[in-house]
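First the structure, in the form of structure tokens, and then the observations on it.
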Amino acid sequence: MKILFLGDVMGRAGRRAITENLARLRDEWKLDFVVVNGENATSGMGLSGAHAKTLLDAGADCLTLGDHAFDQKDMLAFVEQDSRIVRPLNFSKTAPGKGARIFQTRTGKKILVTQALGQVFMKRPYDDPFSALDQVLKTHPLGGMVQAIVVDIHCEATSEKMAVGHWCDGRASLVVGTHTHVPTSDAMILPSGTAYLSDAGMCGDYNSVIGMEKTEPMRRFITGMPKDRFTPATDEATLSGVYIETDDRTGRATRVQPVRVGGRLQPSLP
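Converting from the sequence shown to this note's numbering requires adding 11 to each position, the first position being numbered 1.
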């Protein structure tokens, strides 16, 4: 299976990059399945139902969320209406939606997508991501009822992401980090066959401070005082993420490649 995962979509620039490029890339790279983290697609703070529909119509098969999952209040209802949205497993026991879903590709193959929030340096004390993921992976063994498993680990600390990657090694096809908006260069296949990347980066304008217009973040760093709201940067965005190929029989990764298309970052293609 050929799978593309794209990192946090950041505001209008990120949405535009998806709508202008994803359909073409699906065709050129003969992708079986596309996962997009839509966490910051609406003004950099959460995802609205309308913008979720925009990303899905552009070619995403599944959208994952994150710690800003319900910043846009209409997502509370939308996540129940559209089964292509995956919210964090350990967000809240009473949260709407599901933190793991099985999808079927256009050729009939099955893929599980799940997401968990980390605990280190996060603003809220989320439940343990390891035990949350363990329940899902135990009931969906790789190479059994699903041909591939994608785990989105949404957290600050690269050490925590790496720990999740090694803990899931052999149990998932891909473990990929999101949330910090900076792509890492450690794409690899772990010893037991799981593809891993500490952070997919963002789909957004990199002439920014993690996707936000530079002036206000810089003012706060320099003076310690806020003046204005953060607003997403709006110049040309880079699509940033990771591409993997898997063995349908075992579900293990056979190839992993960082992806960067357009914008200011150096290109990287499958």
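Positions of the beta carbon are idealized from the N, C-alpha and C atoms, including for glycine.
Checklist line | Cβ pair Gly108, Asp85 closer than 7 Å | finding: Mapped onto the sequence shown, residue 108 falls at position 97. Mapped onto the sequence shown, residue 85 falls at position 74. Result no, Cβ atoms of Gly108 and Asp85 do not sit closer than 7 Å.
Note to self: Asn101 and Asp78 - do their beta-carbons sit closer together than 7 Å?
What the structure shows: The residue labelled residue 78 in the question sits at position 67 within the sequence shown. The residue labelled residue 101 in the question sits at position 90 within the sequence shown. Not closer than 7 Å, so no.
Margin query: Please return the same chain residues whose Cβ sits closer than 6 Å to the Cβ of Leu42, not counting the five positions on each side in sequence.
Written below: For the purposes of this step, residue 42 is taken as residue 31 along the sequence shown, with counting starting at 1. Closer than 6 Å at Cβ, skipping near neighbours: Lys13, Leu15.
Check: Expressed to the nearest angstrom, what Euclidean distance is found between the alpha-carbon atoms of Gln115 and Pro99?
Finding: Numbered from its first residue, the sequence shown carries residue 115 at position 104. Numbered from its first residue, the sequence shown carries residue 99 at position 88. Rounded to the nearest angstrom, the two C-alpha atoms are 20 Å apart.
Note to self: Could you compute how far the alpha carbon of Asp216 sits from the alpha carbon of Val187?
What the structure shows: Counting from one through the sequence shown, the residue named residue 216 turns up at place 205. Counting from one through the sequence shown, the residue named residue 187 turns up at place 176. Taking the Cα positions, Asp216 is about 21 Å away from Val187.
Next item on the list: Could you tell me which of Arg182, Ala106, Ser209, Gly18 sits nearest to Ala52, measuring between CA atoms?
Entry: If you number the sequence shown from 1, residue 52 lands on position 41. With distances taken between Cα atoms, Ala52 lies closest to Gly18.
Margin query: With a threshold of 8 Å on Cβ separation, who are the neighbours of Ser170 within its own chain once the five nearest residues in sequence on each side are excluded?
Written below: On the sequence shown, position 159 is the one that residue 170 refers to. Here Ser170 has Val131 as same chain residues with Cβ atoms under 8 Å from its own Cβ, once five neighbours each way along the sequence are excluded.
Check: Going by beta carbon distance, what residues of the same chain come within less than 6 Å of Val147, once the five residues before and after it are set aside?
Finding: On the sequence shown, residue 147 is found 136 positions in, with the first residue counted as 1. Counting only Cβ-Cβ distances below 6 Å, and skipping sequence neighbours, we find Ala111, Thr125.
Checklist line | Backbone CA spacing between Leu201 and Leu208 [nearest angstrom] | finding: As a working mapping, residue 201 is identified with position 190 in the sequence shown. As a working mapping, residue 208 is identified with position 197 in the sequence shown. For Leu201 and Leu208, the distance between alpha carbons rounds to 10 Å.
Notebook entry, point to check: If we ignore side chains and look at the alpha-carbon of each, how far apart do Met156 and Ile113 end up?
Noted result: As a working mapping, residue 156 is identified with position 145 in the sequence shown. As a working mapping, residue 113 is identified with position 102 in the sequence shown. Each residue's Cα considered, the two are about 10 Å apart.
Check: Helix, strand or coil for His62 per DSSP?
Finding: On the sequence shown, position 51 is the one that residue 62 refers to. Here His62 sits in helix by DSSP.
Notebook entry, point to check: Which first and last residues belong to the alpha helix (DSSP H) in which Lys172 is found?
Noted result: In the sequence shown, counting from the first residue as 1, residue 172 sits at position 161. Annotation: the continuous alpha helix (DSSP H) that includes Lys172 extends over 169-178.
Margin query: For a quick check, are the C-beta atoms of Met21 and Gly222 less than 7 Å apart?
Written below: For the purposes of this step, residue 21 is taken as the residue at position 10 of the sequence shown. For the purposes of this step, residue 222 is taken as the residue at position 211 of the sequence shown. In this structure, Gly222 lies closer than 7 Å to Met21 by Cβ.
Check: According to the Cβ coordinates, are Leu153 and Ile160 closer than 7 Å?
Finding: Taking the first residue of the sequence shown as 1, we reach residue 153 at position 142. Taking the first residue of the sequence shown as 1, we reach residue 160 at position 149. Contact: yes.
Check: Just checking my contact of Gly181 with Gly204 at CB under 8 Å: how many whole Å lie between their CB atoms?
Finding: Mapped onto the sequence shown, residue 181 falls at position 170. Mapped onto the sequence shown, residue 204 falls at position 193. So it is a contact: roughly 6 Å between Cβ atoms.
Next item on the list: Quick one: residues in its chain with C-beta nearer than 6 Å to the C-beta of Phe44, no 5 flanking neighbours on either side, listed in chain order?
Entry: Start at 1 with the first residue of the sequence shown, and residue 44 comes out as number 33. Scanning its chain for C-beta atoms nearer than 6 Å, with the 5 sequence neighbours on each side dropped, one finds around Phe44 the residues Ile14, Asp72, Thr116, Ile122, in chain order.
Notebook entry, point to check: On the three-state DSSP scale, how would you describe Met12?
Noted result: Here residue 12 is taken as the residue at index 1 of the sequence shown, counted from 1. In this structure, Met12 counts as coil in the three-state DSSP scheme.
Next item on the list: For the region 232-269, list the beta strand (DSSP E) runs that are entirely contained and at least 3 residues long, ordered along the chain.
Entry: Within the region 232-269, the complete beta strand (DSSP E) runs of at least 3 residues are 250-257.
Checklist line | Contiguous beta strand (DSSP E) assignments of at least 3 residues, all confined to the region 35-99 | finding: With a minimum length of 3 residues, the unbroken runs of beta strand (DSSP E) contained wholly in the region 35-99 fall at 44-48, 73-75.
Check: Since Asp5 and Met56 are thought to touch, with beta carbons under 8 Å apart, how far apart are those beta carbons, to the nearest angstrom?
Finding: Here the chain has residues from 12 to 281 only, and residue 5 is not among them.
Next item on the list: Give me whichever residues DSSP pairs with Thr105 in a beta bridge.
Entry: What you label residue 105 is simply residue 94 of the sequence shown in a count that begins at 1. Per DSSP, none; premise fails for Thr105.
Notebook entry, point to check: What is the DSSP secondary structure of Asp145, counted as helix, strand or coil?
Noted result: Position 134 of the sequence shown, counted from the first residue, corresponds to residue 145. Helix, per DSSP.
Notebook entry, point to check: Just curious, the beta strand (DSSP E) that Thr125 is in, first and last residue?
Noted result: What you label residue 125 is simply residue 114 of the sequence shown in a count that begins at 1. Element bounds for Thr125: 121-128.
Note to self: Within a Cβ cutoff of 7 Å, which residues of the same chain sit near Pro278, ignoring the five residues on either side of it in sequence?
What the structure shows: The residue given as residue 278 occupies position 267 in the sequence shown. Excluding sequence neighbours, Pro278 sits near Arg271, Val272.
Next item on the list: Can you give me the Cβ contacts of Glu91 inside the same chain, cut-off strictly under 7 Å, excluding the 5 residues immediately before and after it?
Entry: As a working note, residue 91 is residue 80 in the sequence shown. Taken in chain order, the residues that qualify are Pro107, Gly108.
Notebook entry, point to check: By DSSP, does Gly25 sit in helix, in strand, or in coil?
Noted result: For this step, residue 25 is matched to residue 14 along the sequence shown. Residue state, collapsed to three classes: helix.
Item checked: Straight-line gap, Asp239 to Thr191 (C-alpha atoms, nearest Å) -> To locate residue 239, count along the sequence shown from 1; it is residue 228. To locate residue 191, count along the sequence shown from 1; it is residue 180. Cα-Cα distance, rounded: 22 Å.
Checklist line | Top-ranked residue by Cα proximity to Val97, from Gly119, Leu67, Thr118, Lys120 | finding: Counting from 1 along the sequence shown, the entry for residue 97 is found at position 86. Measuring from the Cα of Val97, the nearest candidate turns out to be Leu67.
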